[in-house]
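A short write-up of the structure that comes next.
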Amino acid sequence: MKTVVNRAPIVWPSDNAPTEERNVWQAMWRGFRGRCPHCGEGKLFRAFLKTADACGHCGQDFSGHRADDLPAYLVIVIVGHIVVPIALSIETNFAPPVALQLAIYLPITLLASLALLQPVKGAVVGLQWAFRMHGFDENNPEK
Numbered sequence: 130m131k132t133v134v135n136r137a138p139i140v141w142p143s144d145n146a147p148t149e150e151r152n153v154w155q156a157m158w159r160g161f162r163g164r165c166p167h168c169g170e171g172k173l174f175r176a177f178l179k180t181a182d183a184c185g186h187c188g189q190d191f192s193g194h195r196a197d198d199l200p201a202y203l204v205i206v207i208v209g210h211i212v213v214p215i216a217l218s219i220e221t222n223f224a225p226p227v228a229l230q231l232a233i234y235l236p237i238t239l240l241a242s243l244a245l246l247q248p249v250k251g252a253v254v255g256l257q258w259a260f261r262m263h264g265f266d267e268n269n270p271e272k
């Protein structure tokens, strides 16, 4: 006996199509500034790296975001591309003692990483909101 499996593709009806266009760059800039990517008024964070449950101004729910480790990876890339060329240039031209280099580069790297971590996470959350990723799609049939 032959079993037939009907694997019809999931098609979103046209009445569920997104109605609001979301500007990616504006949402990322708002998130970078620590503001709600939807309205730009409410706060995105309730603590250093903890997102608020919802925007206090427009009520946008932030609980569905999945920034995970991406902000940390991006900060490593950004800070590395700033500190390493400077360190190589100074080492090549001046050759200071290793202890002096460590005393300068380690604090600069730490402070730059801490300064960029929250803004980069906000930009990632803004990107997710703009692309309707994870919990930011109000018309997701799998909710």
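For the sequence shown, the working numbering begins at 130 and goes up steadily by one.
Glycine included, every Cβ here is placed at the ideal spot set by N, Cα and C.
Please read these numbers as outputs of a predicted model, since none were measured by experiment.
- Straight-line measurement puts the Cα of residue 267 at about 19 Å from the Cα of residue 169.
- With contacts defined by Cβ atoms closer than 8 Å, residue 178 and residue 253 do not form a contacting pair.
- Measuring C-alpha to C-alpha distances from residue 244 to each of 205, 218, 230 and 259 identifies 205 as the nearest.
- Between residue 208 and residue 242, the C-beta spacing is below 8 Å.
- In this structure, the alpha-carbon of residue 228 lies about 27 Å from that of residue 202.
- If you draw a straight line from the Cα of residue 220 to the Cα of residue 230, it comes to about 9 Å.
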